[in-house]
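Everything below concerns the one structure shown next.
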Amino acid sequence: MIERMHTKQRMSKIVKHNGTVYLCGQVGNRGDSIKEQTAECLRRVDELLIEAGSSREKILQAIVWLSDMRDFAEMNEVWDAWVPEGHAPARACGEARLASQELLVEVIITAACD
């Protein structure tokens, strides 16, 4: 069974299937610094994971898109403080043009769920 949550025409924020939860890309607030945007998108990830019956400790994979790789170190400062010790997911990070010029980071998460 596939369960979709917060579904609209274009996408669902959460999709659950066979004990796995897939989150749509999360971003921060336009105009904030890279650290602030990273913290905000990770806060949103936390909320969605909890709603889906999962948590940071169950993250399997993370894909991080930065609008500028020069922000890599500052984004990682926030990321490293957020990831529970011993529970680092498989992760990729690359540079991409995001949906808006004001967006600096987007995080896509796949996790195990109850």
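Under the working numbering, the first residue of the sequence shown carries the number 8, and numbering increases by one thereafter. Glycine is no exception: its CB is placed at the ideal position from the N, C-alpha and C atoms.
Cβ-based neighbour list, residue i, same chain, cut-off 8 Å, excluding 5 preceding and 5 following
i	result
Cys48	Gln33, Val34, Gly35, Val112, Glu113 and Val114
Glu43	Gly35 and Asn36
Pro91	Arg63 and Glu64
Beta-bridge pairing of residue i - partner residues as DSSP gives them
i	result
Ser40	According to DSSP, which records beta bridges pairwise, Ser40 is partnered with nothing at all.
Glu113	Val34 and Trp72
Classification of residue i by the beta-carbon crowding that lies within 10 angstroms, buried from 16 upward
i	result
Ile116	buried
Ile21	buried
Ala103	exposed
Contacting residues, own chain, Cβ-Cβ under 6 Å from residue i (five flanking each side not counted)
i	result
Cys100	Val71
Arg11	Ser19 and Val22
Close beta carbons around residue i, own chain, < 7 Å, minus the five adjacent residues each side
i	result
Ile41	Asp78, Glu81, Met82, Leu111 and Val112
**Message:** Quick check: the region 21 to 38 against the region 77 to 90, are at least 3 beta-carbon pairs closer than 8 Å?
**Reply:** no
**Asked** Of all the alpha helix (DSSP H) runs that stay within the bounds of the region 61 to 108, which reach a length of 4 or more residues?
**Response** 79 to 89
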